[in-house]
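Asks: Numbering-wise, the working numbering comes out as the position in the sequence shown, counting from 1, plus 13.
Ideal Cβ positions, reconstructed from N, Cα and C, are used throughout, including at glycine.
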Amino acid sequence: MRPRETSGGAREPRRVTSFDVARVAGVSRAAVSRAFTPDASVSKKTREKVYQAAKELGYRVNYLARSLTNKRSDLVGLVAAGLDNPFRTRQLDHLARALIARNYRPILLPTSKEADTSTVIEQLLHYAVSGVIVTSDAPPSHICEECAAEGVPIVLINKGEDFPFVDRVVSDDRMSGYTAAEYLLEAGAKKLAVVAGTAVSYSSRRRAEAFQGRCSMLGVEAALIPVSLNDYRHGREAAQQLLDLGIDGVFSVNDYMACGVLDGLADAGKGDGSVKVIGHDDIPQASWSAYELTTFLQPADLQAEQVIDLLISRMAEPDAVARVEFTPVTLIKRRSA
Numbered sequence: 014m015r016p017r018e019t020s021g022g023a024r025e026p027r028r029v030t031s032f033d034v035a036r037v038a039g040v041s042r043a044a045v046s047r048a049f050t051p052d053a054s055v056s057k058k059t060r061e062k063v064y065q066a067a068k069e070l071g072y073r074v075n076y077l078a079r080s081l082t083n084k085r086s087d088l089v090g091l092v093a094a095g096l097d098n099p100f101r102t103r104q105l106d107h108l109a110r111a112l113i114a115r116n117y118r119p120i121l122l123p124t125s126k127e128a129d130t131s132t133v134i135e136q137l138l139h140y141a142v143s144g145v146i147v148t149s150d151a152p153p154s155h156i157c158e159e160c161a162a163e164g165v166p167i168v169l170i171n172k173g174e175d176f177p178f179v180d181r182v183v184s185d186d187r188m189s190g191y192t193a194a195e196y197l198l199e200a201g202a203k204k205l206a207v208v209a210g211t212a213v214s215y216s217s218r219r220r221a222e223a224f225q226g227r228c229s230m231l232g233v234e235a236a237l238i239p240v241s242l243n244d245y246r247h248g249r250e251a252a253q254q255l256l257d258l259g260i261d262g263v264f265s266v267n268d269y270m271a272c273g274v275l276d277g278l279a280d281a282g283k284g285d286g287s288v289k290v291i292g293h294d295d296i297p298q299a300s301w302s303a304y305e306l307t308t309f310l311q312p313a314d315l316q317a318e319q320v321i322d323l324l325i326s327r328m329a330e331p332d333a334v335a336r337v338e339f340t341p342v343t344l345i346k347r348r349s350a
């Protein structure tokens, strides 16, 4: 590489360009561009020559610069809150890996319950992202409309709001609630309750409503133990209220909170299995010997593929009607119920 002189008189290496790679590989610059473009038409021999020349020269593709030319980058925004929940981190891991496997590059923007999701998405639009995946609160309609106008598809995960041209992937929460009610009653529980932050989560609300609805169909009244957040601390705090009500069968709408319920029961001397507990998500901690939590597997890997299939389909057909896909759930039986 030919050095150049800086303002202080020092010499620094000149940046290697695609022209340099083309010269060393003995191909055209267009061939270099195609070699680094996923699914582009280029022979295996040419691609190998380009990659070898790039390696020798230390060349790397500047994807941000390419996005200025193409007016669209290979970046896909992941908007997420609740990263303390082990299921959410696993979900993001699968989404990121699936995007990379499809030749996209994930960019994570954490948000929170207090944050405005639309502000985060507006930040992503400055990066010319190819799409946005939202696992936190659904964005307001105006930002969905703005994304649609700019040709940026959005896919929502486990959200209930319907927006034109916005696709959703939703866990089969009704099946979870129904099955949890039936299983606890078959296991001998007489007085049931669901612990859920229904005001803060669409999934929580759907699971709780399905659970209580199925109990009612079966002639049993199930109590709702409301919490402000579906997290470990609130689950642990809910344990005493469950005991005060004489509850012996509990459906916690996620595992993170269910682990708190089990620890709270143990603190009160009721860690003997006399209170049966079912969770949701099958996080890694659910199988730990301290919990052995009966729960519902929400397959994050399958869900990620569903999300990205919808995203890519929306890129190809931006005016298609909004679609909803359901992720199946499976009951995993362990010691807690």
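What would DSSP say about K204, mapped onto helix, strand or coil?
Replies: As a first step, residue 204 must be located in the sequence shown, where it is residue number 191. Note: K204 maps to coil in three-state DSSP.
Asks: Pair every Cβ in the region 245-265 with every Cβ in the region 154-162, then say whether three or more of these pairs are closer than 8 Å.
Replies: No contact exists between the region 245-265 and the region 154-162.
Asks: Taking the alpha-carbon positions, what's the R15 to E69 distance?
Replies: One-based indexing of the sequence shown puts residue 15 at position 2. One-based indexing of the sequence shown puts residue 69 at position 56. Because R15 carries a pLDDT of 48, less than 50, the predicted location of this residue cannot be relied on, and the following value inherits that uncertainty. Cα to Cα, R15 sits roughly 15 Å from E69.
Asks: Please determine, among V233, P297, K203, A350, the residue with the shortest C-alpha to C-alpha distance to D285.
Replies: Here the question's residue 285 lines up with position 272 in the sequence shown. Nearest C-alpha to D285: A350.
Asks: Nearest to D185 by alpha carbon, out of G201, G210, R218, V208?
Replies: Position 172 of the sequence shown, counted from the start, is the residue given in the question as residue 185. When only C-alpha atoms are compared, the closest one is R218.
Asks: To which residues does DSSP link P123 through a beta bridge?
Replies: Numbered from 1 along the sequence shown, position 110 holds the residue referred to as residue 123. Answer by DSSP bridge pairing, in chain order: A93.
Asks: Using a beta-carbon distance below 9 Å, is H155 in contact with chain D?
Replies: No chain D is present in this structure, which holds just one protein chain.
Asks: For V334, count the other beta carbons within 10 Å of its own beta carbon; 16 or more makes it buried, fewer makes it exposed. Which is it?
Replies: Counting from 1 along the sequence shown, the entry for residue 334 is found at position 321. It is exposed - the Cβ of V334 has fewer than 16 other Cβ atoms within 10 Å.
Asks: Among the residues of its own chain, which have a CB less than 6 Å from the CB of R348, if the five just before and after it don't count?
Replies: Counting from one through the sequence shown, the residue named residue 348 turns up at place 335. E305, listed in sequence order.
Asks: Enumerate in chain order the residues of its own chain whose CB-to-CB distance from V397 is below 7 Å, with the five nearest sequence positions on each side excluded.
Replies: The first residue shown for the chain is 14 and the last is 350, placing residue 397 beyond what the model contains.
Asks: Report yes if the C-beta distance between R181 and I321 is below 9 Å; otherwise report no.
Replies: In the sequence shown, the residue the question calls residue 181 occupies position 168. In the sequence shown, the residue the question calls residue 321 occupies position 308. No, Cβ-Cβ distance for R181 and I321 is not below 9 Å.
Asks: Report the three-state DSSP secondary structure of L242 (helix, strand or coil).
Replies: As a position in the sequence shown, residue 242 is number 229, starting the count at 1. Looking at L242 - three-state DSSP - the assignment turns out to be coil, as it is neither helix nor strand.
Asks: What does the alpha-carbon distance come out to for the pair R42 and V179?
Replies: Here the question's residue 42 lines up with position 29 in the sequence shown. Here the question's residue 179 lines up with position 166 in the sequence shown. Each residue's Cα considered, the two are about 38 Å apart.
Asks: Rounded to the nearest angstrom, what separates L96 and A38 at their Cα positions?
Replies: Here the question's residue 96 lines up with position 83 in the sequence shown. Here the question's residue 38 lines up with position 25 in the sequence shown. Spanning the two alpha carbons is a distance of roughly 45 Å.
Asks: Quick one: is Q65 buried, meaning 16 or more other Cβ sit within 10 Å of its Cβ, or exposed?
Replies: Reading the sequence shown from its first residue, position 52 is the one you call residue 65. Exposed, because fewer than 16 other Cβ atoms sit within 10 Å of the Cβ of Q65.
Asks: Using the three-state DSSP reduction, which class does T308 fall into: helix, strand or coil?
Replies: The residue given as residue 308 occupies position 295 in the sequence shown. Three-state DSSP puts T308 in a strand.
Asks: Rounded to whole angstroms, what's the CA-CA distance from R327 to H107? Just pull it up for me.
Replies: What you label residue 327 is simply residue 314 of the sequence shown in a count that begins at 1. What you label residue 107 is simply residue 94 of the sequence shown in a count that begins at 1. Going by the C-alpha atoms only, they are around 20 Å apart.
Asks: Report all residues from its chain with a CB closer than 8 Å to the CB of T340; omit the five preceding and five following residues, and keep chain order.
Replies: Start at 1 with the first residue of the sequence shown, and residue 340 comes out as number 327. Closer than 8 Å at Cβ, skipping near neighbours: V182, V183, S184, D185, Q311, P312, L315, Q316, Q319.
Asks: Among the residues of its own chain, which have a CB less than 6 Å from the CB of A53, if the five just before and after it don't count?
Replies: In the sequence shown, counting from the first residue as 1, residue 53 sits at position 40. Here the set comprises R47.
Asks: Would you report the Cα separation of L205 and E338, rounded to the nearest angstrom?
Replies: Stepping through the sequence shown from its first residue, residue 205 is reached at position 192. Stepping through the sequence shown from its first residue, residue 338 is reached at position 325. Roughly 30 Å between the two C-alpha positions.
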